[in-house]
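Participant: Under UniProt numbering, the sequence shown has 49 at position 49, and the numbering climbs by one with no breaks.
Where is the CB? At the ideal position from N, CA and C, for every residue including glycine.
This structure is in structure tokens; I'll ask about it shortly.
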Amino acid sequence: MESMDHVDCEYEVEKVVDQKVVNGNIYYQIKWKGYDSEYNSWEPYHNLNCSELLSRFQCEQIIRNKKILERKRQLLKERDSNSSTSSKDGSSVQFYKKEIKNSTIHKETRIQKNISEAQYNKNNNSNSSIGVKRPMTLVEKFQQQTGFASNKKPKIIIPIPSPKVLEFERFLNRSIKNGPPISVINDIDDAGIPSNFTYVENYVYGEGVPCRIDLSERLVGCRCKEGYCTAKGCSCFTEHTGARLNYDRTTFQVMLKPGNVIYECNSKCTCLSNCVNRVSQRRSDLSLMIKRFPKKGWGVITRRKIPERVFVTYYYGEIIKSTEADRRGSQYDTKGLTYLFDLDYNAEDHDECAYTVDATYFGNFSRFFNHSCDPNLVVYPLINDNADIRLHHIAFFTSREIQVGEELTFNYFGNFYNEEVESGLSKIKEKYVCKCGSTKCIGYFHK
């Protein structure tokens, strides 16, 4: 096996940029140190451990809010001083409304015509229904939920994740080099890093399995000029796809239907890294979180909306021979493990499958994808630097748009589950109880 060396990386919060309230919960927009603003993400305040930055942000919000309030009071004074000399057409009120519209951050502001400054101050202090009508600000909502008072020294009390969760996050982000950091949340139990698990972003080759370097001499690349591949001029397209593009040039969405193999440009090609036919080889910009679920265990959710038909990741792990996979599978069955994934695109049945990916002890975040009878991911076999089709990538693409907070799942049966498959599986006694919770759930999945 290849030795796996970790590169230590530190991921820090650089700045708290903004905040919002969603369903009564406070979220903060975080700017990550060392990453551009496009990688900013919204985090719940109980999932953060940067009290000084949060306190600084809250102080800035309070100061800003005070300035707005002072501006309102100044406008009220101007209105009251002008009310005695204004004409009956209400010009001073019109002036006030125009100014308050430009200065306030609230959409709803209503001023009663004849309120003196003393009445305004009294009403403002007593939260009476007379005077300025407006919704609660984000700062006030924060104060109401956390007991934070603007006239006291800023003090933010943030629940600290358990030591095992923090250790899990550090473990992941020391190893992740091809994308933003991945956070971990577990408010279910005290589970942490899976036993004897190593996070990898490449394959580990088992005994007797040819590695990519051994097969590199068999690779044939295109000779496209100026690093730009076209469907009719690139040999990667003409020889494998009938001169059709695999991906849309603008959105990089896959255009092939599930069941087809994707042939990408490889290391022997002369095209550049931004070639339209190298989509899966680009650095990931997904914002993901590994979350603990009550019944399913670990799963993966997204912190940003993901469009349909876009590449997500490969299923990395240890590639082993099918005979070794059968031996391990019998052991894993007794423990309820399901991390074996056959590389069987060109195999008619299991007996013809030469290799299997085992993500039990080596893998990336795809190891934590759960099964669903109504999944939002689909699997494509993909070829680039793996010259032997029996060692094709298992590539995950979105089958539909995935919403913020939604779990990423795929069907363990495969892309083409139907009644015929169900009929065959009903004769097999060894089944797992499905816990996907989908309205299309059939109640079990085969292991």
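Count the other CB atoms, across all protein chains shown, that sit within 10 Å of the CB of Pro181; report buried if there are 16 or more and exposed otherwise.
Facilitator: Result: buried.
Participant: From the DSSP output, in three-state form, read off Leu76 for me.
Facilitator: In the structure shown, Leu76 sits in a helix (DSSP, three-state: H, G or I).
Participant: Give me the Cα-Cα distance between Cys224 and Ser216, rounded to the nearest whole angstrom.
Facilitator: Their Cα atoms are separated by approximately 20 Å.
Participant: At which residue ranges does the UniProt domain "Chromo" (11 to 69) contain complete beta strand (DSSP E) runs of 3 or more residues, listed in the order of the chain?
Facilitator: Counting only runs of 3 or more, we get 13 to 22, 25 to 32 and 41 to 44.
Participant: On the DSSP bridge list, what partners appear for Phe396?
Facilitator: Partner(s): Thr313 and Val379.
Participant: Can you tell me whether Ile30 is buried or exposed? The criterion is at least 16 other CB atoms within 10 Å of its CB, across all chains shown.
Facilitator: Buried, by the Cβ-count rule.
Participant: Where DSSP assigns a beta bridge to Lys321, which residues make up the other side?
Facilitator: DSSP output for Lys321 lists Tyr355 as bridge partner(s).
Participant: For Glu207, which of Ala325, Lys268, Gly233 and Thr241 has the nearest alpha-carbon?
Facilitator: Considering only alpha carbons, the answer is Ala325.
Participant: Assuming contact is defined by CB atoms lying nearer than 7 Å, are Gly317 and Cys271 in contact in what I supplied?
Facilitator: No, they are not a contact pair.
Participant: When you compare the stretch 297 to 312 with the stretch 247 to 254, are there three or more beta-carbon pairs, one atom per stretch, that lie closer than 8 Å?
Facilitator: Flag = yes, the stretch 297 to 312 and the stretch 247 to 254 touch.
Participant: Excluding sequence positions up to five away, which residues of its chain have a Cβ less than 7 Å from the Cβ of Arg244?
Facilitator: Hits under 7 Å: Ala231 and Phe237.
Participant: Going by CA-CA distance only, name the one from Tyr199, Pro375 and Gly336 that's closest to Glu407.
Facilitator: When only C-alpha atoms are compared, the closest one is Pro375.
Participant: Please work out which residues of its chain come closer than 6 Å, Cβ to Cβ, to Arg283, disregarding the five sequence neighbours upstream and downstream, and give them in chain order.
Facilitator: Excluding positions up to five away in sequence, the list reads Asn178.
Participant: Per DSSP, which one or two residues make a beta bridge with Ile262?
Facilitator: DSSP, once it has assigned bridges, lists Leu382 as partnering Ile262.
Participant: Comparing C-alpha positions only, which one of Leu286, Ser195 and Asp248 sits nearest to Tyr39?
Facilitator: Nearest C-alpha to Tyr39: Leu286.
Participant: Give the range of the beta strand (DSSP E) segment to which Lys291 is assigned.
Facilitator: Residues Leu288 to Phe293.
Participant: Run the CB neighbour count on Arg367, radius 10 Å, all protein chains shown included, and call it buried at 16 or more, exposed below.
Facilitator: By the neighbour-count rule (16 or more Cβ atoms within 10 Å), Arg367 is buried.
Participant: Near Val220, what residues of its chain come up, given a Cβ to Cβ distance below 7 Å and the 5 sequence neighbours on each side ignored?
Facilitator: Answer for Val220: Lys268, listed in chain order.
Participant: Give the DSSP-derived three-state secondary structure of Phe413 in the structure shown.
Facilitator: Phe413 falls in the coil class under three-state DSSP.
Participant: On a Cα-Cα basis, can you pick out the residue from Lys321, Tyr444 and Cys275 that is closest to Cys211?
Facilitator: Per the Cα distances, Lys321.
Participant: Out of Gln331, Phe396, Asn274 and Val21, which one is the CA nearest neighbour of Leu382?
Facilitator: When only C-alpha atoms are compared, the closest one is Phe396.
Participant: Out of curiosity, what's the CA-to-CA distance linking Asn346 and Ala387?
Facilitator: Approximately 14 Å, taken between the alpha carbons.
Participant: Taking its Cβ as the centre, do 16 or more other Cβ atoms sit within 10 Å of Val184, making it buried, or is it exposed?
Facilitator: Flag for Val184 reads buried.
Participant: Just to confirm the assignment: which complete alpha helix (DSSP H) runs, minimum length 4, are found wholly within the stretch 167 to 248?
Facilitator: Taking only runs of at least 4 residues, the alpha helix (DSSP H) segments lying wholly in the stretch 167 to 248 are 235 to 238.
Participant: Using the Cα positions of Arg56 and Val22, report the straight-line distance between them to the nearest angstrom.
Facilitator: Taking the straight line joining both Cα atoms gives about 22 Å.
Participant: Check Asp285 in the structure and name its three-state DSSP category.
Facilitator: Asp285: coil per DSSP, three-state reduction.
Participant: Pick helix, strand or coil for Leu343, following the three-state DSSP scheme.
Facilitator: Residue state, collapsed to three classes: coil.
Participant: Smallest Cα separation from Gly363: which of Tyr380, Ser51 and Phe341?
Facilitator: It is Phe341 whose Cα lies nearest to the Cα of Gly363.
Participant: Alpha carbon to alpha carbon, how far is Val17 from Gly297?
Facilitator: Their backbone Cα atoms lie some 33 Å apart in a straight line.
Participant: By how many angstroms is the C-alpha of Ile262 removed from the C-alpha of Asp385?
Facilitator: Going from the Cα of Asp385 to the Cα of Ile262 covers about 12 Å.
Participant: Select from Ile301, Tyr339 and Arg327 the residue whose C-alpha is nearest the C-alpha of Thr398.
Facilitator: Of the candidates Ile301, Tyr339 and Arg327, the one whose C-alpha sits nearest the C-alpha of Thr398 is Ile301.
Participant: Are the Cβ atoms of Cys275 and Cys373 separated by less than 7 Å?
Facilitator: Their beta carbons are not under 7 Å apart, which means Cys275 does not touch Cys373 by this criterion.
Participant: Secondary structure at Thr334, three-state DSSP: helix, strand or coil?
Facilitator: It is helical.
Participant: Can you check which of these residues, Tyr205, Tyr444, Cys229 and Asn260, is closest to Tyr355 by C-alpha distance?
Facilitator: Of the listed residues, the one whose Cα sits closest to Tyr355 is Tyr205.
Participant: Please determine, among Tyr444, Leu391 and Thr360, the residue with the shortest C-alpha to C-alpha distance to Pro194.
Facilitator: The residue with the shortest Cα to Cα distance from Pro194 is Thr360.
Participant: Classify Glu117: buried if its beta carbon has 16 or more other beta carbons within 10 angstroms, exposed otherwise.
Facilitator: Model confidence at Glu117 stands at a pLDDT of 47, short of 50, so the residue's coordinates are unreliable and nothing is read from them.
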